[in-house]
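Notes follow once the structure below has been shown.
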Amino acid sequence: MGLLDKEFIDSNIVIAKSEDLLNWARLSSLWQLSFGLACCAIEMMATSASHYDFDRFGVMPRPTPRQADIIIISGTVTLKMATRIKRLYEQMPDPKYIISMGSCSNCGGPYWEHGYHVLKGIDRVIPVDVYVPGCPPRPEALLEGLLKLQEKIRKETLRTKKA
Amino acid sequence: MKISEEIFEILKNKFPDYKFGLETETPVEPVLSADPLKINEIAHFLAENEDLFFDSLMNLSGVDDANGEKSTDADGAEIITGGTLSVYYHLHSMKFNHKLTVKVSTPRENPEVESVEGIWKTANWHEREAYDMVGIIFLNHPDLERILMPYDWEEGSHPLRKDYKNPEFYHGMRVPY
């Protein structure tokens, strides 16, 4: 349940659990590490642009990992890039979330057999929260992935923290 | 404007001691073959000669001909011994608007080709790519490093060799599916 769904009973005071407040704050302002890898990044940019407007969910790109909450792995992850992604992930402050976007970062995609240079799934390097299938996924699919992640964050408690 | 047959004759007259060949049965355009250790001299002539003036190297690619003896090792992976690796040069003259394809073949066990970087600067990165992918050594190249694969990729491992075997791990990441 969302924080603001609670009724305003007396004057302008909302009584809620601190967990709900934290979760609500976190899921409503998922700042994204601005980071794109391949054709999926084009769809991700389309999602950020005015037609789909990622910003209405509080997602906006940050060019530094130190101020980012979420990293969308949008495209083919080469072995050379994987070492860098791991470094970027380690530089992000907790709590941090990952959306794996598209077949390539889910499982290697079309490079699964002969891609000598491709990591067969970003989950071999960093933990993934939501996988978005597609090649590349349409912006609607990425938005759905983000909503799934928001649901996941909403259910977090201090004891079942996942990131 | 000159066709490949005419250029073949010009080269044979200019360098009577060097071996040249001309394949005309190719699907698109004739392929002129030359000596890999003399290609820098030949390229210099092709670029500077007043009637040829090949001022542009459109492309340079390394090819594994896979024409050696094929056998299998203990794991069932294919190994090729002997045969050749080739480098193809696609040249174009802006002035005369004619084209030429040159091929040099070099033995697989010691694949050495003279660099043409001094004649066409384009060749610098192209030769690095051919080295990275197929493992052709370009002599007198100013900076023959890997260009696409990571610098710490396994020494002597060139992915576009026909008998290439992927490593099991790279920096602790499993490579095969």
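If you read the sequences in order, they're chains V and P. Residue numbers for the first sequence follow this note's numbering, so the first one is 32 and each next one is one higher. Residue numbers for the second sequence follow this note's numbering, so the first one is 135 and each next one is one higher. Every residue gets a Cβ at the ideal spot worked out from N, C-alpha and C, and that includes glycine. Nothing here was measured: the structure is a model prediction, and the numbers come from that model.
What in chain P is Cβ-close to residue i, meaning under 7 Å?
| i | result |
| --- | --- |
| V/Ala-113 | Met-307 |
| V/Arg-118 | Ordered by position in chain P, no residue passes the 7 Å Cβ test against V/Arg-118, which lies about 12 Å from the chain. |
Whose CA, out of the options, lies closest to the CA of residue i?
| i | options | result |
| --- | --- | --- |
| P/Asn-231 | P/Ser-195, P/Lys-153, P/Phe-187 | P/Phe-187 |
| P/Ala-200 | P/Val-238, P/Gly-252, P/Asp-297, P/Phe-154 | P/Asp-297 |
| V/Cys-135 | V/Pro-126, V/Asp-125, V/Gly-146, V/Ile-129 | V/Gly-146 |
| P/Pro-276 | P/Leu-156, P/Ser-239, P/Ser-249 | P/Ser-249 |
| P/Leu-273 | P/Arg-262, P/Ile-281, P/Gly-155 | P/Arg-262 |
| P/Ser-227 | P/Leu-191, P/Val-162, P/Arg-308, P/Asn-300 | P/Leu-191 |
| P/Pro-161 | P/Arg-280, P/Ile-141, P/Thr-235 | P/Thr-235 |
| V/Ile-184 | V/Met-91, V/Leu-52, V/Cys-166 | V/Leu-52 |
| V/Glu-171 | V/Gly-140, V/Arg-115, V/Asp-100, V/His-82 | V/His-82 |
| V/Asp-160 | V/Lys-179, V/Thr-188, V/Pro-92 | V/Lys-179 |
| P/Phe-179 | P/Trp-287, P/Phe-149, P/Phe-154 | P/Phe-149 |
| P/Ala-291 | P/Phe-154, P/Leu-166, P/Tyr-265 | Correcting the residue identity first, residue 291 of chain P is Ser in this sequence and not Ala. Of the listed residues, the one whose Cα sits closest to P/Ser-291 is P/Tyr-265. |
| V/Ile-104 | V/Pro-167, V/Arg-190, V/Glu-187, V/Lys-186 | V/Pro-167 |
Under 8 Å Cβ-Cβ, which residues of chain V neighbour residue i?
| i | result |
| --- | --- |
| P/Met-267 | Neighbours of P/Met-267 on chain V: none; closest Cβ ~10 Å, over 8 Å. |
| P/Met-192 | The contacting residues do not exist; P/Met-192 stays about 26 Å from chain V at best. |
Confirm, please, whether the CB-CB distance from residue j to residue i is below 7 Å.
| i | j | result |
| --- | --- | --- |
| P/Leu-194 | P/Val-268 | no |
| V/Phe-66 | V/Leu-177 | no |
| P/Pro-284 | V/Lys-127 | no |
Rounded to whole angstroms, what is the Cα-Cα separation between residue i and residue j?
| i | j | result |
| --- | --- | --- |
| V/Tyr-120 | V/Thr-95 | 11 Å |
| P/Pro-310 | P/Asp-209 | 15 Å |
| P/Gly-306 | V/Leu-150 | 11 Å |
| P/Lys-146 | P/Leu-294 | 33 Å |
| P/Asp-189 | P/Glu-289 | 35 Å |
| P/Lys-299 | P/Ile-214 | 12 Å |
| P/Leu-156 | P/Lys-255 | 26 Å |
Strictly by DSSP, which residues pair up with residue i?
| i | result |
| --- | --- |
| P/Lys-233 | P/His-226 |
| V/Pro-109 | Here the sequence assigns Thr to residue 109 of chain V, which means Pro is not the residue at that position. V/Val-149, per the DSSP bridge assignment. |
| P/Phe-303 | P/Arg-308 |
| V/Trp-62 | V/Met-91 |
| P/Ala-168 | P/Val-238 |
| P/Asp-198 | P/Leu-219 |
Establish whether the CB of residue i and some CB of chain A are separated by less than 7 Å.
| i | result |
| --- | --- |
| V/Lys-183 | Looking for chain A here will not work: the only protein chains present are V and P. |
If the cut is a Cβ gap below 8 Å, which residues of chain P does residue i touch?
| i | result |
| --- | --- |
| V/Trp-143 | Tyr-311 |
Would you mind telling me which residues of chain V sit closer than 9 Å to residue i, beta carbon to beta carbon, in chain order?
| i | result |
| --- | --- |
| P/Tyr-152 | Residues of chain V passing the Cβ test: none, with the nearest at roughly 37 Å. |
Could you list which residues in chain V have their beta carbon closer than 7 Å to that of residue i, in chain order?
| i | result |
| --- | --- |
| P/Asn-300 | Tyr-147 |
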